[in-house]
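In terms of our numbering, the sequence shown opens at residue 21 and continues consecutively.
Don't be surprised by glycine CBs; every beta carbon is placed ideally from N, CA and C.
On a predicted model such as this, the values are computed, not experimentally measured, just so you know.
Beneath this line is the structure, given in structure tokens, with notes to follow.
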Amino acid sequence: MLAGFSAELASSRPLETSIERILFALRGAVGGSEAAVWLYTPQGLSRGWSSGPTIATEAEVRAGLAFGATNDGAPGGLRVEKIVLGERRVGVLSVRVEGELAAEQELLVTALANLFAPELAHAERSRQLEVEVAARTAEIERGRRFTEKIIDSLPLGLYVIDREYRIQSWNRKRETGMQGVSREEAIGRPIFEILHRQPAEMLRREFDEVFSSGRMQEYQMQSVASGEARTYRITKIPMRLGDGPVTHVITIGEDITDWTQAQERFSQSEKLAAIGQLAAGVMHEINNPLATIAACAESLGYRIDDLERSGVTVAPETHDFLGIIDNEVVRCKQIVDGLLDFSRPKQPRKERVNLNEVIERTLFLLKHHVRFKRLTVETALDPLVGRVPEASTEQLVQVFMALLLNAMDAMGDRGVVRVVTRPGTDALNGAIAEVIDQGHGIARGELGKIFEPFYTTKPQGQGTGLGLSICYGIVQEHGGRIEVDSTLGQGSTFRIILPVVN
Ligand SMILES: Nc1ncnc2c1ncn2[C@@H]1O[C@H](COP(=O)(O)OP(=O)(O)OP(=O)(O)O)[C@@H](O)[C@H]1O
Ligand SMILES: [Mg+2]
Numbered sequence: 021m022l023a024g025f026s027a028e029l030a031s032s033r034p035l036e037t038s039i040e041r042i043l044f045a046l047r048g049a050v051g052g053s054e055a056a057v058w059l060y061t062p063q064g065l066s067r068g069w070s071s072g073p074t075i076a077t078e079a080e081v082r083a084g085l086a087f088g089a090t091n092d093g094a095p096g097g098l099r100v101e102k103i104v105l106g107e108r109r110v111g112v113l114s115v116r117v118e119g120e121l122a123a124e125q126e127l128l129v130t131a132l133a134n135l136f137a138p139e140l141a142h143a144e145r146s147r148q149l150e151v152e153v154a155a156r157t158a159e160i161e162r163g164r165r166f167t168e169k170i171i172d173s174l175p176l177g178l179y180v181i182d183r184e185y186r187i188q189s190w191n192r193k194r195e196t197g198m199q200g201v202s203r204e205e206a207i208g209r210p211i212f213e214i215l216h217r218q219p220a221e222m223l224r225r226e227f228d229e230v231f232s233s234g235r236m237q238e239y240q241m242q243s244v245a246s247g248e249a250r251t252y253r254i255t256k257i258p259m260r261l262g263d264g265p266v267t268h269v270i271t272i273g274e275d276i277t278d279w280t281q282a283q284e285r286f287s288q289s290e291k292l293a294a295i296g297q298l299a300a301g302v303m304h305e306i307n308n309p310l311a312t313i314a315a316c317a318e319s320l321g322y323r324i325d326d327l328e329r330s331g332v333t334v335a336p337e338t339h340d341f342l343g344i345i346d347n348e349v350v351r352c353k354q355i356v357d358g359l360l361d362f363s364r365p366k367q368p369r370k371e372r373v374n375l376n377e378v379i380e381r382t383l384f385l386l387k388h389h390v391r392f393k394r395l396t397v398e399t400a401l402d403p404l405v406g407r408v409p410e411a412s413t414e415q416l417v418q419v420f421m422a423l424l425l426n427a428m429d430a431m432g433d434r435g436v437v438r439v440v441t442r443p444g445t446d447a448l449n450g451a452i453a454e455v456i457d458q459g460h461g462i463a464r465g466e467l468g469k470i471f472e473p474f475y476t477t478k479p480q481g482q483g484t485g486l487g488l489s490i491c492y493g494i495v496q497e498h499g500g501r502i503e504v505d506s507t508l509g510q511g512s513t514f515r516i517i518l519p520v521v522n
């Protein structure tokens with residue numbers, strides 16, 4: 021009988037099946053209603069294999085153990101035999117029988133327990149290994165999730181590709197937005213199948229550069245994919261799994277629109293300040309000769325009048341020439357005044373100014389402008405627009421005057437200019453005014469220049485290029501900002517955003 025059990029254990033069948041078959045046979049040999057093999061684990065006794073319609077509980081097995089080698093009076097007839105390998109307890113064998121076991125049946129149980137010992141010790145080791153592997157796997161998985169959480173929490177788009185340009189990592193930020201692609205869709209695919217914004221060849225060159233040089237690459241790009249123009253800083257970082265060559269490239273995309281705008285604003289105000297200092301320096305140099313020229317022209321005029329009255333014939337153009345001198349002097353003075361606006365210490369502004377009133381006043385002043393009469397001006401002034409604190413009506417009128425004159429220049433003699441005001445979202449961006457024209461628009465490439473002092477596209481003598489840079493300075497001094505939207509051939513919108521009193 022035992023030889024049959026040994027052969028069964030040594031068979032190529034999996035241990036579980038063999039033990040179950042042996043337990044079944046044991047039940048037959050001793051007339052037991054159930055038989056089971058239990059393993060000692062750090063957590064206690066754990067049932068490994070069993071046979072029979074009922075199964076003892078761990079408590080029953082423990083109680084059975086206390087009765088030692090016989091089942092005389094063992095509770096529920098549970099005969100329990102320790103399975104020991106050398107000094108080590110590896111498990112127990114339990115079998116439930118009615119009445120007493122015959123001596124040879126007792127021997128069979130004991131012998132079987134001995135037979136199981138090496139197998140169980142082995143099974144126990146594998147089980148420990150399994151537990152260990154599971155624990156390690158869980159730990160690795162936890163670590164992986166943790167790093168994934170970190171890269172998902174970054175306010176940046178991040179992805180990693182391998183040498184075959186296949187995506188190996190794709191963070192949350194890259195899943196969101198209009199250009200978003202889900203991680204499931206991206207992982208494992210070649211990057212060129214996922215990113216279409218850039219030509220594949222160009223993208224490949226950029227990656228190859230990092231793979232071969234091992235150096236980080238950084239550049240900026242503009243995108244209108246989200247509906248508005250945004251600037252991104254793209255950084256490609258080489259990554260090595262071992263000590264050898266670059267195995268992966270990490271690409272990070274960061275939206276730096278606000279930062280670049282702030283930078284531009286900063287350099288713009290620097291320029292304006294420099295112009296102001298320059299203007300203050302030359303002011304006297306230019307104003308004095310201008311005053312002299314104007315005075316001389318005026319006296320010349322009187323002299324000529326006197327001569328004419330005394331009968332002398334003066335060439336008729338003489339008066340025109342004097343008129344030209346006078347006009348040009350006035351123009352020069354305007355330019356100097358414009359420049360001085362950057363440097364003149366501003367009068368303290370104590371007023372709380374209502375933008376709607378500023379606009380009404382500007383329109384009233386412009387009403388008398390010849391060319392303005394041919395244009396249609398529509399207004400939509402929201403009475404709820406708040407008051408701008410510590411503002412100067414004069415200066416704000418100057419701003420809208422410059423914007424409306426530009427709109428007029430851009431539209432020629434026909435079209436509609438709309439002036440709109442509305443309350444903003446919070447106190448800092450509280451009052452918004454827009455001057456919307458249907459003029460020739462501004463090319464994207466020019467947008468960055470229009471606020472520069474002296475930048476003009478107008479014919480000589482018609483524009484000084486100071487209008488917008490003065491607007492810029494004034495609005496900034498009021499704690500606000502100017503934005504422009506423009507479409508070539510369709511028109512432009514200049515938006516003034518000012519803080520209001522809470
Ligand atoms: N509403 C607009 N539509 C199209 N282009 C505009 C508009 N406003 C400004 N520009 C462009 O910006 C340039 C600079 O404007 P800015 O007001 O600073 O100077 P200017 O109008 O040329 O001269 P100035 O205002 O000193 O008479 C203009 O020459 C024009 O090319
Ligand atoms: Mg102008």
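With a cut-off of 8 Å on Cβ pairs, the segment 186-202 is not in contact with the segment 96-105, counting fewer than three such pairs. When the alpha-carbon of residue 521 is set against those of 242, 255, 377 and 371, the nearest one is in 371. In this structure residue 207 is not in contact with residue 223, their Cβ atoms being roughly 18 Å apart against a cut-off of 8 Å.
Set against 7 Å, the gap from the CB of residue 488 to the closest heavy atom of ligand 2 is smaller.
In the structure shown, the three-state DSSP call for residue 215 is coil.
Linking residue 417 to residue 312 through their CA atoms gives a straight-line distance of about 31 Å.
In the pairwise beta carbon analysis, the segment 491-502 is classified as not touching the segment 341-352: fewer than three pairs are separated by under 8 Å. Taking C-beta separations shorter than 6 Å and ignoring five residues to either side along the sequence, the partners of residue 52 in its chain run 115, 116 and 117, following chain order. When C-alpha distances from residue 467 are compared across 249, 356, 217 and 339, the shortest belongs to 249. Burial state of residue 457 is buried, judged by a 10 Å Cβ sphere holding 16 or more other Cβ atoms. In this structure, the straight-line span from the alpha carbon of residue 253 to that of residue 279 is close to 11 Å. Per DSSP, residue 338 is one residue of the alpha helix (DSSP H) stretching across 337-360.
Residue 387 sits in coil when the DSSP states are folded into three classes, being neither helix nor strand. For the pair residue 455 and residue 177, the Cα-to-Cα distance works out to about 36 Å. Taken in chain order, the complete alpha helix (DSSP H) segments of 4 or more residues contained in the segment 406-464 are 413-431.
For residue 268, the enclosing beta strand (DSSP E) stretches over residues 268-275.
Under the three-state reduction of DSSP output, residue 64 falls in the strand class. Checking the 7 Å criterion, the Cβ of residue 499 is out of range of every heavy atom belonging to ligand 1. Taking the CA atoms as reference points, residue 47 sits about 28 Å from residue 63.
Shortest gap from the CB of residue 426 to any heavy atom of ligand 2: under 7 Å. Between residue 256 and residue 310, the gap from beta carbon to beta carbon reaches 8 Å or more.
For residue 111, the enclosing beta strand (DSSP E) stretches over residues 108-117.
Here residue 261 is exposed, its C-beta having fewer than 16 other C-beta atoms within 10 Å. Shortest Cα-Cα distance from residue 216 to any of 205, 230 and 199 involves 199. Where residue 480 is concerned, there is no enclosing beta strand (DSSP E), because DSSP gives it neither an H nor an E.
In the three-state scheme derived from DSSP, where H, G and I count as helix and E and B as strand, residue 196 is classed as coil. Using a cutoff of 7 Å, the CB of residue 477 counts as near ligand 1, since one of the ligand's heavy atoms is closer than that. Residue 167: member of the alpha helix (DSSP H) spanning 123-173, first to last residue.
Per DSSP, residue 228 is one residue of the alpha helix (DSSP H) stretching across 220-233.
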